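Colleague: Take a look at this one; I'll ask things after.
Have a look at this one:
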């Protein structure tokens with residue numbers, strides 16, 4: 688299976704927002720308390736946020752989510768979540784989702800996007816710094832506080 692087997696587009700409708708909630712739990716663990724509910728995903732999309740998915744046929748296998756706001760009179764986007772199902776990883780979907788997010792924001796005139804990543808997780812650091820070309824500008828200890836996600840439990844959310 689290659690990247691060309693997937694289609695990337697904004698999520699639409701309640702069913703796709705619900706599928707995104709299911710995907711969050713698949714990636715970060717059942718009962719993940721920081722998951723974003725379907726209703727908020729829909730509102731965020733309606734008000735200028737990005738809720739974009741990677742689909743294999745009708746199945747949502749990855750997504751990127753973020754909110755757009757105003758800081759010092761200029762639009763700024765906070766990219767909050769990026770996830771790809773384990774079986775679909777290694778095909779460039781994370782990069783493709785981030786690129787789709789960037790393209791959507793640039794089309795709206797948003798020139799600044801910020802997000803966190805854990806620099807101690809080599810694969811995550813490589814994606815963000817080497818593949819996406821992000822610049823680390825600030826180190827925030829436990830940016831999101833304690834997490835019950837199996838991915839973060841016990842190592843913090845730096």
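Residue numbers (the numbering used here): 688 to 845.
Virtual Cβ for every residue (Gly too), placed ideally from N, Cα, C.
Computed from a prediction, not measured in an experiment: that's the story for all the values here.
1. Residue ranges of each alpha helix (DSSP H) run of no fewer than 4 residues wholly in the stretch 700-787, ordered along the chain?
2. If distances are taken between C-alpha atoms only, which option among 815, 771, 761, 759 comes closest to residue 712?
3. How would you call residue 793, buried or exposed, if buried means at least 16 neighbouring beta carbons within 10 angstroms?
4. Which same chain residues end up closer than 6 angstroms to residue 754 when comparing Cβ atoms and leaving out the 5 residues on each side of it in sequence?
5. With distances taken between CB atoms, is the gap from residue 741 to residue 784 smaller than 7 angstroms?
6. For residue 725 and residue 708, which I take to be in contact (beta-carbon distance under 8 angstroms), what is that distance rounded to the nearest angstrom?
Modeller: Taking the coordinates as given:
1. You should have 700-715, 725-733.
2. Locating residue 712 in the chain shown gives position 25, counting from the first residue. For the residues 815, 771, 761, 759, the minimum Cα distance to residue 712 belongs to 771.
3. Position 106 of the chain shown, counted from the first residue, corresponds to residue 793. Here residue 793 is exposed, its C-beta having fewer than 16 other C-beta atoms within 10 Å.
4. By 1-based counting over the chain shown, the position of residue 754 is 67. Around residue 754: 731, 736, 765.
5. Counted from its first residue, the chain shown places residue 741 at position 54. Counted from its first residue, the chain shown places residue 784 at position 97. Yes, they are a contact pair.
6. Within the chain shown, residue 725 is the residue found at index 38, counting from 1. Within the chain shown, residue 708 is the residue found at index 21, counting from 1. Yes, residue 725 and residue 708 are in contact; Cβ-Cβ is about 5 angstroms, under 8 angstroms.
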